[in-house]
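A.B. asks: Let me give you the structure first, and then I'll get to my questions.
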Ligand SMILES: Cc1cc2nc3c(=O)[nH]c(=O)nc-3n(C[C@H](O)[C@H](O)[C@H](O)COP(=O)(O)OP(=O)(O)OC[C@H]3O[C@@H](n4cnc5c(N)ncnc54)[C@H](O)[C@@H]3O)c2cc1C
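In the numbering used here, the protein residues as written are 17 to 267.
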C-alpha cells in the first residue's frame with residue numbers, strides 16, 4: 017500500500033488490480049493475554065506505537081520506520097509479508113520468537129517467523145493464504161537496543177540493523193537475545209552464541225568481546241548492493257554488537 021500511495025485524498029496508483037484487506041475485521045486489533053501480545057496483521061505502525069500495553073522494546077524498531085505518514089499507512093503484516101531482510105520489525109520479531117498465523121478458506125496454521133520467511137522477499141504464503149495475526153511472547157527484560165544504519169535518519173531503508181534485549185542482574189546475564197537485519201538472506205540469530213554470552217560474567221565482557229564478535233562475524237554474510245558494500249555492513253553490524261555488549265549488557 018505504502019509503495020503505490022498517491023497524493024493525499026487520491027486513490028493509490030497500482031500497476032495491476034489488487035484486493036484491499038485493510039478493512040477486514042479479522043485482521044484488526046491488538047490484545048494482550050498470557051504474556052503474549054497479539055497484533056492483527058493490518059495494524060498500522062502508528063496504532064502499535066500508540067498502544068500503551070505494548071512494551072517499549074517492541075515499539076523502538078517500529079518508531080524508526082519511514083516517516084509519520086508511512087507509519088500511518090504501513091502495517092506490520094505488510095512489513096512481514098514484504099519479507100525484506102531490511103524490514104525494521106523483523107529482527108525484533110525473530111529475537112522475541114514471534115509466531116504468525118496464516119489463514120485461507122480451508123485452513124489456519126501458526127508457525128515461527130523464522131519458518132515463515134524463507135529468503136529475501138520470499139515467504140511460505142501460498143495462493144489464497146493471508147497473514148492474520150502476529151503473536152509476540154513478552155518476557156521480562158531490563159536492557160534493549162535497536163539501531164538501523166541507512167542513508168539518513170528518516171525514510172531510510174536499513175543498510176544494516178541490530179536488535180538485542182537482555183535480562184541482567186548485578187553480575188550475571190540471565191537472558192540475552194540478539195538479531196541482525198540486512199546482513200544475510202534472512203535475519204540472523206544464533207542460540208549458541210546467545211548461550212555463550214549468558215555464560216560470561218558481566219565483568220568479563222570486555223575481555224570476551226573479540227571472541228563474541230568473531231562468533232557473530234562467522235555467521236553474518238552480507239552482500240554488495242546499491243545501498244552498501246558487504247565490508248561496510250559487516251563492520252558496522254559488529255560495531256553495533258560491541259556497542260550493545262559494552263554499553264548496555266554490561267550495565
Ligand atoms: C518511502 C518509503 C519508506 C519506507 N521505509 C521503511 C522503513 O524505514 N523500514 C521498513 O521496514 N520498511 C520501510 N518501507 C517499506 C514499507 O513501508 C513497509 O514494508 C510496510 O510495512 C509495508 O506495509 P503495507 O501495509 O503498505 O504493505 P503492502 O505494501 O501493502 O504489502 C507488502 C506485501 O505484503 C503483502 N501483504 C500485506 N499484508 C498482507 C497480509 N495480511 N497477508 C498476506 N500478504 C500481505 C502484499 O500483498 C505485498 O506483497 C518503506 C517504504 C516506502 C515507500
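Beta carbons: idealized from backbone N, C-alpha and C, even for Gly.
Would you kindly check if the distance between the Cβ of residue 236 and the Cβ of residue 250 is under 8 Å?
C.D. replies: In the chain shown, the residue the question calls residue 250 occupies position 234. In the chain shown, the residue the question calls residue 236 occupies position 220. It is a contact, given that the beta carbons lie within the stated cut-off.
A.B. asks: So what's residue 91 in DSSP terms, helix, strand or just coil?
C.D. replies: Position 75 of the chain shown, counted from the first residue, corresponds to residue 91. It is a strand residue.
A.B. asks: For residue 198 versus residue 260, is the C-beta spacing smaller than 8 Å?
C.D. replies: The residue given as residue 198 occupies position 182 in the chain shown. The residue given as residue 260 occupies position 244 in the chain shown. For residue 198 and residue 260, no; Cβs fall outside 8 Å.
A.B. asks: Report the partner residues of residue 138 according to the DSSP bridge assignment.
C.D. replies: The sequence position of residue 138 within the chain shown is 122, counting from 1. Partner(s): 135.
A.B. asks: Count Cβ pairs between the segment 128-136 and the segment 100-109 that sit closer than 8 Å; are there 3 or more?
C.D. replies: yes
A.B. asks: Just how far apart, CA to CA, sit residue 154 and residue 106?
C.D. replies: The residue you call residue 154 lines up with position 138 of the chain shown. The residue you call residue 106 lines up with position 90 of the chain shown. Our two residues, residue 154 and residue 106, have alpha carbons roughly 16 Å apart in a direct line.
A.B. asks: Decide yes or no for the touch test of the segment 140-157 against the segment 170-177: beta carbon pairs closer than 8 Å, at least 3 of them.
C.D. replies: Taking a cut-off of 8 Å on C-beta distances, the segment 140-157 does not touch the segment 170-177, as fewer than three cross pairs fall below it.
A.B. asks: Assign residue 40 to one of three DSSP states: helix, strand, or coil.
C.D. replies: One-based indexing of the chain shown puts residue 40 at position 24. In the three-state DSSP reduction, residue 40 falls in the coil class, being neither helix nor strand.
A.B. asks: Short check: CB of residue 205 to CB of residue 194, under 8 Å?
C.D. replies: Indexing the chain shown from 1 puts residue 205 at position 189. Indexing the chain shown from 1 puts residue 194 at position 178. Cβ atoms of residue 205 and residue 194: closer than 8 Å.
A.B. asks: Consider the C-beta atom of residue 65 and the heavy atoms of ligand 1; say whether any pair is separated by less than 7 Å.
C.D. replies: The residue labelled residue 65 in the question sits at position 49 within the chain shown. No, the beta carbon of residue 65 sits no closer than 7 Å to any heavy atom of ligand 1.
A.B. asks: Assuming contact is defined by CB atoms lying nearer than 8 Å, are residue 246 and residue 238 in contact in what I supplied?
C.D. replies: On the chain shown, position 230 is the one that residue 246 refers to. On the chain shown, position 222 is the one that residue 238 refers to. Yes, these two residues count as a Cβ contact at 8 Å.
A.B. asks: Grab me the residues of residue 47's own chain with a C-beta within less than 6 Å of its C-beta, minus the 5 sequence neighbours each way, in chain order.
C.D. replies: In the chain shown, counting from the first residue as 1, residue 47 sits at position 31. The residues are 54.
A.B. asks: For a quick check, are the C-beta atoms of residue 88 and residue 62 less than 8 Å apart?
C.D. replies: Start at 1 with the first residue of the chain shown, and residue 88 comes out as number 72. Start at 1 with the first residue of the chain shown, and residue 62 comes out as number 46. The beta carbons of residue 88 and residue 62 sit closer together than 8 Å.
A.B. asks: Residue range of the alpha helix (DSSP H) that residue 62 falls in?
C.D. replies: What you label residue 62 is simply residue 46 of the chain shown in a count that begins at 1. Element bounds for residue 62: 61-66.
A.B. asks: Within its chain, find whatever has a CB closer than 8 Å to the CB of residue 187; leave out the 5 residues flanking it on each side and keep chain order.
C.D. replies: Within the chain shown, the letter at position 171 stands for residue 187. So the qualifying residues of the chain are 217, 218 and 219.
A.B. asks: Less than 7 Å between the CB of residue 90 and some heavy atom of ligand 1, yes or no?
C.D. replies: Mapped onto the chain shown, residue 90 falls at position 74. For ligand 1, at least one heavy atom lies less than 7 Å from the Cβ of residue 90.
A.B. asks: Between residue 74 and ligand 1, is the CB less than 7 Å from at least one heavy atom?
C.D. replies: Residue 74 sits at position 58 when you count from the first residue of the chain shown. The answer is no for residue 74.
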